[in-house]
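Engineer:
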Amino acid sequence: MLPQLESRIVAAVSQHILIRYGLSTPVVLEQPRQADFGDFAIPTAFQLARELRKAPRAIAQELVDELPAIDGIRSMEVAGNGYINLRLDRPSIAVALAAPSVPPPPAGKVLIEHTSINPNKAAHIGHLRNSILGDTFVRMLRAQGHQVNIQNYIDNTGVQVADVVVGFHFLEGKSLDEVRALTLLPRFDYLCWDLYAKVSQTYATDEALKAKRAETLHAIEAGHGLLAEMGSLIADKVVDYHLDTMLRLDIQYDALPRESEILHLQFWAAAFELLKQRKAIYLETEGKNNGCWVMPGSAFSEHREDEDSKVIVRSNGIVTYVGKDIAYQMWKFGLLGQDFYYRYLRTYPDGQKLYVTSASPEGATPDITFSHNDRVYNVIDSRQSYLQDVVQAGLRALGHPKEAKNSVHFSYEMVALTPRTCTELGIELSEEDRARPYIEVSGRKGLGVKADDLIDKLIAAALREVESRNENEPAESRQKVAEQIAIGALRYFMLKFTRPTVIAFDFQEALSFTGETGPYIQYAAVRAGKILAKSSEPIAPLPANLEPILADEELWQSLLAAARTDSALGLAIAADEPAHLARYAFQLAQAYSNFYQKYPVLIETDPDKRNFLLWLTATYRAQLVRTLGLLGIAVPAFM
RNA sequence: GGGCGCGUAGCUCAAUGGAUAGAGCAUCAGCCUUCGAAGCUGAGGGUUACAGGUUCGAGCCCUGUCGCGCCCA
Numbered sequence: 061m062l063p064q065l066e067s068r069i070v071a072a073v074s075q076h077i078l079i080r081y082g083l084s085t086p087v088v089l090e091q092p093r094q095a096d097f098g099d100f101a102i103p104t105a106f107q108l109a110r111e112l113r114k115a116p117r118a119i120a121q122e123l124v125d126e127l128p129a130i131d132g133i134r135s136m137e138v139a140g141n142g143y144i145n146l147r148l149d150r151p152s153i154a155v156a157l158a159a160p161s162v163p164p165p166p167a168g169k170v171l172i173e174h175t176s177i178n179p180n181k182a183a184h185i186g187h188l189r190n191s192i193l194g195d196t197f198v199r200m201l202r203a204q205g206h207q208v209n210i211q212n213y214i215d216n217t218g219v220q221v222a223d224v225v226v227g228f229h230f231l232e233g234k235s236l237d238e239v240r241a242l243t244l245l246p247r248f249d250y251l252c253w254d255l256y257a258k259v260s261q262t263y264a265t266d267e268a269l270k271a272k273r274a275e276t277l278h279a280i281e282a283g284h285g286l287l288a289e290m291g292s293l294i295a296d297k298v299v300d301y302h303l304d305t306m307l308r309l310d311i312q313y314d315a316l317p318r319e320s321e322i323l324h325l326q327f328w329a330a331a332f333e334l335l336k337q338r339k340a341i342y343l344e345t346e347g348k349n350n351g352c353w354v355m356p357g358s359a360f361s362e363h364r365e366d367e368d369s370k371v372i373v374r375s376n377g378i379v380t381y382v383g384k385d386i387a388y389q390m391w392k393f394g395l396l397g398q399d400f401y402y403r404y405l406r407t408y409p410d411g412q413k414l415y416v417t418s419a420s421p422e423g424a425t426p427d428i429t430f431s432h433n434d435r436v437y438n439v440i441d442s443r444q445s446y447l448q449d450v451v452q453a454g455l456r457a458l459g460h461p462k463e464a465k466n467s468v469h470f471s472y473e474m475v476a477l478t479p480r481t482c483t484e485l486g487i488e489l490s491e492e493d494r495a496r497p498y499i500e501v502s503g504r505k506g507l508g509v510k511a512d513d514l515i516d517k518l519i520a521a522a523l524r525e526v527e528s529r530n531e532n533e534p535a536e537s538r539q540k541v542a543e544q545i546a547i548g549a550l551r552y553f554m555l556k557f558t559r560p561t562v563i564a565f566d567f568q569e570a571l572s573f574t575g576e577t578g579p580y581i582q583y584a585a586v587r588a589g590k591i592l593a594k595s596s597e598p599i600a601p602l603p604a605n606l607e608p609i610l611a612d613e614e615l616w617q618s619l620l621a622a623a624r625t626d627s628a629l630g631l632a633i634a635a636d637e638p639a640h641l642a643r644y645a646f647q648l649a650q651a652y653s654n655f656y657q658k659y660p661v662l663i664e665t666d667p668d669k670r671n672f673l674l675w676l677t678a679t680y681r682a683q684l685v686r687t688l689g690l691l692g693i694a695v696p697a698f699m
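Residues 61 to 699 in the numbering used here are what the first sequence lists, from first letter to last.
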């Protein structure tokens, strides 16, 4: 509702500036630093000052004097040395907020790839940041009308899966049937976690075992034989666990594109032909890369010519990682000229179906595709930014600048552990490490916090709180509420940091449910719900004369805070930053907590005011539920 | 050596080039005979790493220096 008003203001001011001064200076609306300055601020006079060679304050005064009336604006005034502060027509904002919301207009088709965990061990907290960021951004885009499809890429033929096969088969001498039996036992993913660490450490001293790694990898890539079968058995089972873990966080996918199908359907061969045709790569004939197909450094580095060229196909004919990624990125946009087959995999509790790629039409679901997207977000940590740049350059070199521009590396920094948390986990640290602010997790060392362990721990902590506060609720409901609180705490924790910030994960901090946390926001929504439930009377329509009620400055500020949800969503999407929306959710909860403290609703004796307070409570509740929903956080029935 | 990111209160972090740099935690002082305190009110705490520059205006942009992290070689 506020966005419409905002764009109306921007349009009116821009148009006036164009006519009056002949300038198309962009107009931005700000939220004033102090509430008593006004409801919106326009700093455009400062920009105009340069071009008009005139004092900003004088320009602001001209604008205020000459601007036509804008619907919904009560007054404009010049402030500071050139701000224009706007005050809104309060009753009309309340009325607009009370009106039913209109669905957003349909927007473009977007692909978000997230999670993409190597299917060789249990998920850890670092993976959670990826999935929660990706899933939240999906929810945000969908709320703006985008048609989003969610993909979780599975590298089921990579070296990491090979390592676990090496572990089972060569290190522990297990047969296919024995491994199959193990996959049926609980927590096979945890078993792989330990085995992967063991194998990685054994490589350091056991050359013979290390030699088995390459043999195993080749067998898996070829796709037949005992080792390949064992690899796919392990990967499929571990993927199942990942899907279950993510479902606990309310995270779902539409499709699982797999590396095995990219290989078997020879996506790379098609991409290779196109790259050669368009002269995006060339065969190096000298130097260290002699005999390799390379992409020149100038293609992906704007400023420097002397950047090393990037090898796409090695001299032994084996395509690199980047090469395969370019082929896959082309497929995402529908530029490859071929597609996967898709096989039904499972149905989520809400009825949504999940598909996995397949190399043959047999058993495939006809008439679906997950290709041909307008825009692609790859949620991948910042360590891969160089590779993502090369992939993007590949598209550009192939003559697809638009798609290159619409390839977004949605990058984020890693999740590390605080030294204190390492110690709690029984991990020994060197003197040097103890002095560091954080310790990087490592699957090879088995150093990390498993996602499910963390979730279990959070639920246990939440359950203790819930039980101490809600003795009369049935155990089953308390369990459910504890789960919702735990997930709320976890999701908010992963979202409150901006993407380039390294999260130093600390158990004590993550297990805290006070202050700027998910449960604080949930609590605000639950309190609002409780008042609404206790009030026996239905909420009457807003009274005709709202002016006296809204003359109360604090009450007005409270209402305005609740009206900013869509603006906050818009800003967060424009900045590709879910943390902005998370922060708004917290501010919204703070605003409600203040309102709750200051205005007791149910004992208010003036019926008009009481009805208004009830209405505002319902509005807050709705905005809190909606904003939390965008963050993937549920609102418990009680707390 | 090159590339990317970071450096803000005791700690962890915010801050679309704009007004007096804000939150949470921690510390201290208050508020429960409940619309349940997972809350609220208040206090103290800042040379935004350093040095220049651009600008009407810089935590943010540019250059350099120092420190930290990651990636590539």
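The beta-carbon is built from N, C-alpha and C at its ideal position, and this holds for glycine as well.
Which two residues bound the contiguous beta strand (DSSP E) that contains T276?
Structural biologist: Looking at the DSSP string, T276 is not in any beta strand (DSSP E); the run it does join, the alpha helix (DSSP H), is E267 to A282.
Engineer: Give the DSSP-derived three-state secondary structure of M355 in the structure shown.
Structural biologist: Strand, per DSSP.
Engineer: Counting pairs of Cβ atoms below 8 Å between the region 528–537 and the region 508–516, do you hit three or more?
Structural biologist: They do not touch, by the three-pair rule.
Engineer: So is K370 buried or exposed if we call it buried at 16+ other beta carbons inside 10 Å?
Structural biologist: Buried, by the Cβ-count rule.
Engineer: I'd like to know if the region 173–187 and the region 211–218 are in contact, where contact means that at least 3 CB-CB pairs between them fall below 8 Å.
Structural biologist: Counting Cβ pairs under 8 Å, three or more are found: they touch.
Engineer: Using a Cβ-Cβ cutoff of less than 8 Å, which residues in the same chain neighbour L188 once the five nearest sequence positions on both sides are dropped?
Structural biologist: Contacts found: L309, V475, A511, L514, L550 and M554.
Engineer: My output table needs one value for F470: the three-state DSSP class, helix, strand or coil.
Structural biologist: F470: strand per DSSP, three-state reduction.
Engineer: Can you say whether D410 is buried or exposed, counting buried as having 16 or more other CB atoms within 10 angstroms of its CB?
Structural biologist: When all chains shown are included, D410 counts as exposed.
Engineer: So what's I341 in DSSP terms, helix, strand or just coil?
Structural biologist: If DSSP states are grouped into helix, strand and coil, I341 belongs with coil.
Engineer: Hey, which unbroken runs of the alpha helix (DSSP H) at 4 residues or more fall wholly within the region 162–228?
Structural biologist: Correct list: 185–203 and 219–226.
Engineer: Which residues does DSSP pair with T417 in a beta bridge?
Structural biologist: Answer is Y402, bridged to T417.
Engineer: Is the Cβ-Cβ distance between G785 and D254 less than 8 Å?
Structural biologist: Missing from the structure shown is residue 785; the chain here goes from 61 to 699 and no further.
Engineer: Starting from R110, trace the beta strand (DSSP E) in both directions and tell me its first and last residue.
Structural biologist: No beta strand (DSSP E) holds R110; the alpha helix (DSSP H) holding it covers T104 to L112.
Engineer: For a test of the three-state rule: what should DSSP assign to R504, helix, strand or coil?
Structural biologist: If DSSP states are grouped into helix, strand and coil, R504 belongs with coil.
Engineer: What is the rounded straight-line gap between the Cα of F230 and the Cα of K169?
Structural biologist: Distance between the alpha carbons of F230 and K169 is about 46 Å.
Engineer: Between the Cα of E492 and those of G394, L485 and P479, spot the shortest distance and give me the residue it belongs to.
Structural biologist: E492 has its Cα closest to that of P479, out of G394, L485 and P479.
Engineer: How close, in whole Å, do the beta carbons of A279 and A331 come, if the pair is a contact with beta carbons under 8 Å?
Structural biologist: Rounded, the Cβ-Cβ distance is 24 Å, inconsistent with contact.
Engineer: When we look at the beta-carbon of L62 and count the other beta-carbons within 10 Å, is it buried (16 or more) or exposed?
Structural biologist: Counting Cβ neighbours within 10 Å, L62 comes out buried, since at least 16 surround it.
Engineer: Please classify S67 as buried or exposed, where buried requires at least 16 neighbouring CB atoms within 10 angstroms.
Structural biologist: When all chains shown are included, S67 counts as exposed.
Engineer: Apart from the five residues on each side of it in sequence, which residues of its chain come closer than 7 Å, Cβ to Cβ, to I591?
Structural biologist: Taken in chain order, the residues that qualify are V661, L662 and T677.
Engineer: Below 8 Å between beta carbons: does that hold for L436 and V468?
Structural biologist: What sits at residue 436 in the sequence shown is Val, not Leu. A contact, by the Cβ cut-off of 8 Å.
Engineer: So, at 8 Å on beta carbons, what are the nonlocal neighbours of L193 in its own chain, with the 5 sequence-adjacent residues on each side left out?
Structural biologist: If we look at L193 and ignore the five residues flanking it on each side, its Cβ neighbours are H174, V439, F470, Y472, M554, L555, R559 and P638.
Engineer: What residue ranges within the region 520–585 form continuous beta strand (DSSP E) runs of no fewer than 3 residues, ordered along the chain?
Structural biologist: Taking only runs of at least 3 residues, the beta strand (DSSP E) segments lying wholly in the region 520–585 are 563–565.
Engineer: Leaving out five residues on either side along the sequence, give the residues of the same chain with a beta carbon under 6 Å from the beta carbon of I294.
Structural biologist: Cβ neighbours of I294 beyond the five flanking positions: V224.
Engineer: Below 7 Å CB to CB, which residues in the same chain sit around D449 once its five sequence neighbours on both sides are set aside?
Structural biologist: The residues are F360.
Engineer: Considering just the uninterrupted stretch of the alpha helix (DSSP H) at S653, what are its terminal residues?
Structural biologist: S653 -> alpha helix (DSSP H) spans P638 to K658.
Engineer: Within 10 angstroms of the Cβ of S375, are there 16 or more other Cβ atoms? Answer buried if so, exposed if not.
Structural biologist: It counts as exposed.
Engineer: Let me know the secondary structure DSSP gives D612 once reduced to three states.
Structural biologist: Here D612 sits in coil by DSSP.
Engineer: Quick check on D666: does DSSP put it in helix, strand or coil?
Structural biologist: In this structure, D666 counts as coil in the three-state DSSP scheme.
Engineer: Flag this pair as touching only if the region 143–156 and the region 600–611 have three or more C-beta atom pairs under 8 Å; answer yes or no.
Structural biologist: These segments touch.
Engineer: For the alpha helix (DSSP H) that Y263 lies in, which residues bound it at each end?
Structural biologist: It spans F248 to Y263 - the alpha helix (DSSP H) in which Y263 sits, taken as one unbroken run.
Engineer: Excluding the five sequence neighbours on either side, which residues of its own chain have a C-beta within less than 8 Å of the C-beta of L157, listed in chain order?
Structural biologist: Closer than 8 Å at Cβ, skipping near neighbours: M61, L619, A622, A623 and T679.
Engineer: Taking 8 Å as the limit between beta carbons, can you name the residues of its chain near Q398, skipping five residues before and five after?
Structural biologist: Within the same chain, Q398 has close Cβ partners L325, F327, A330 and W391.
Engineer: Candidates D125, I545, P603 and R318: which alpha carbon is nearest D668's?
Structural biologist: Minimum Cα distance to D668 is reached at P603.
Engineer: Helix, strand or coil, according to DSSP, for N376 in the structure here?
Structural biologist: Coil, per DSSP.
Engineer: So, with DSSP's three-state summary, where would you put L236?
Structural biologist: Correct three-state label for L236: helix.
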